[in-house]
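First the structure, in the form of structure tokens, and then the observations on it.
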């Protein structure tokens, strides 16, 4: 690339008039490119998942020199809110080509029934970091997204291979209960809104799937479970518009706190909800939480 390097001259900027970009713009674009690189890297499976941080240490050091930002266990101080918005994609389906919502689905995507342990046996990164999981992750585009939370403090310590942290974030919250298993949700959603169901590639109308990017099961009160179909019995709540991506499967009776991180200025094409959140549950340490998912 002649005298330019990857960070000073990202591919999508070549040919643009760089003089119209502020230093802050360039830093933000470089960090967006970092998160895209992270997503691509996790899908390659070139190294052991526990080595994720150390595998990208060289790139992170180069980027830190060019941006003067602090590297925080896979995220960056200047765009920490953006780095929190990773998610584990839904399982690959041959129905993907029928749905505009399946942007992040690929052959390496995760099925929780085949990956019971998506976390490392020994902690190598904070739960809010993409490096804390053993499976591929994705980031949606953040060009039309802005933060709606306040990052009060983040401190990280450890080595290149394993980092530990405590982050303090102020933002709006909502609490409730989620069923991350979609099989019964599909049946309910198809029954409630058959026009939104998707046919198999075979064209057989009786074989339907409801797009998990469009609905998930949520209740504000603790639900009970019907024996036999492992479904929720809701006291108040039901199917809500949105998508919930679990980092790990937790008991349905565990209350989840959704912390609002960012808002999209351009609605996504599966539903009108625009607030991106991370799902939290109390950790074993007093007055702290750990991340267990992402929802929008």
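Numbering (our numbering), first residue to last: 484 to 779. For each residue, glycine too, the CB sits at the ideal point set by N, CA and C.
Under 9 Å, do residue i and residue j count as touching if we go by C-beta distance?
i	j	result
residue 744	residue 517	no
residue 653	residue 635	yes
residue 772	residue 764	yes
residue 731	residue 525	no
residue 705	residue 662	no
residue 611	residue 535	no
residue 644	residue 537	yes
State the Cα-Cα distance for the pair residue i and residue j, rounded to the nearest angstrom.
i	j	result
residue 723	residue 548	44 Å
residue 721	residue 702	6 Å
residue 640	residue 556	9 Å
residue 766	residue 609	12 Å
residue 760	residue 569	10 Å
residue 513	residue 546	8 Å
residue 567	residue 774	10 Å
residue 742	residue 638	19 Å
residue 515	residue 758	19 Å
residue 770	residue 648	14 Å
residue 629	residue 531	33 Å
residue 748	residue 627	5 Å
residue 603	residue 632	28 Å
residue 511	residue 779	22 Å
residue 650	residue 762	15 Å
residue 527	residue 697	28 Å
residue 521	residue 659	31 Å
residue 746	residue 509	22 Å
residue 655	residue 733	23 Å
residue 523	residue 768	33 Å
For residue i, count neighbouring Cβ atoms within 10 angstroms of its own Cβ and tell me buried if that reaches 16, exposed if not.
i	result
residue 625	buried
residue 615	buried
residue 573	buried
residue 642	exposed
residue 707	exposed
residue 646	buried
residue 684	In this predicted model, residue 684 has a pLDDT of only 47, less than 50, meaning its place in the structure is not dependable enough to derive any value.
residue 605	exposed
If residue i and residue j are in contact, beta carbons under 8 Å, what's the gap, nearest whole angstrom?
i	j	result
residue 533	residue 607	5 Å
*Are the segment 537–548 and the segment 618–632 touching, with three or more C-beta to C-beta distances below 8 Å?*
With a cut-off of 8 Å, the segment 618–632 and the segment 537–548 do not count as touching, because too few Cβ pairs lie within range.
*Inspect the CB distances between the segment 548–563 and the segment 727–734 and report whether three or more fall short of 8 Å.*
Because the criterion of three Cβ pairs below 8 Å is not met, the segment 548–563 and the segment 727–734 do not touch.
*Decide yes or no for the touch test of the segment 557–571 against the segment 732–739: beta carbon pairs closer than 8 Å, at least 3 of them.*
Counting C-beta pairs with one atom in each stretch, the segment 557–571 and the segment 732–739 have fewer than three that are closer than 8 Å, which means they do not touch.
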